[in-house]
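Engineer: Residue numbers (the numbering used here): 105 to 207.
Even for Gly, the Cβ is constructed at its ideal location relative to N, Cα and C.
Values in this document were obtained by computation on a predicted structure and should not be read as measured data.
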């Protein structure tokens, strides 16, 4: 595990993540920090806990709006979609391997 020191709304936090996931975690922290600062700066919500809840609700609404109710990825989590795409890549790599000899 890697320890990553971050700041969210001026408060320091030490977070742990798997090696190689530091960039993704930092991007998530930056996104959350931006959302929380925007809510705070609007001045309508007071208190860090309320700001955090409002940011979480906004982010959850964004996530839910990206889910498809029908289609090949309906009801799948993001991790399941990533796994499915990785499987598709593997199948394509095998199928296209003989083509490499033509070039």
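In three-state DSSP terms, what is residue 178?
Structural biologist: As a first step, residue 178 is located in the chain shown; it is residue number 74 there, counting from the start. Of the three classes helix, strand and coil, the one that applies to residue 178 here is coil, per DSSP.
Engineer: Counting only beta-carbon atoms, is residue 138 nearer than 7 Å to chain D?
Structural biologist: Among the chains of the structure shown, chain D does not appear; only one protein chain is present.
Engineer: CB-CB under 8 Å to residue 126, same chain, minus the five flanking residues each way: which ones, in chain order?
Structural biologist: Sequence index remark: in the chain shown, residue 126 carries index 22 (1-based). Taken in chain order, the residues that qualify are 106 and 108.
Engineer: Classify residue 144: buried if its beta carbon has 16 or more other beta carbons within 10 angstroms, exposed otherwise.
Structural biologist: By one-based count along the chain shown, residue 144 stands at place 40. Per the 10 Å Cβ criterion, buried.
Engineer: Can you list, in chain order, the residues of its chain whose CB lies under 7 Å from that of residue 115, leaving out five sequence neighbours each side?
Structural biologist: The residue given as residue 115 occupies position 11 in the chain shown. Same-chain partners within the cutoff: there are none.
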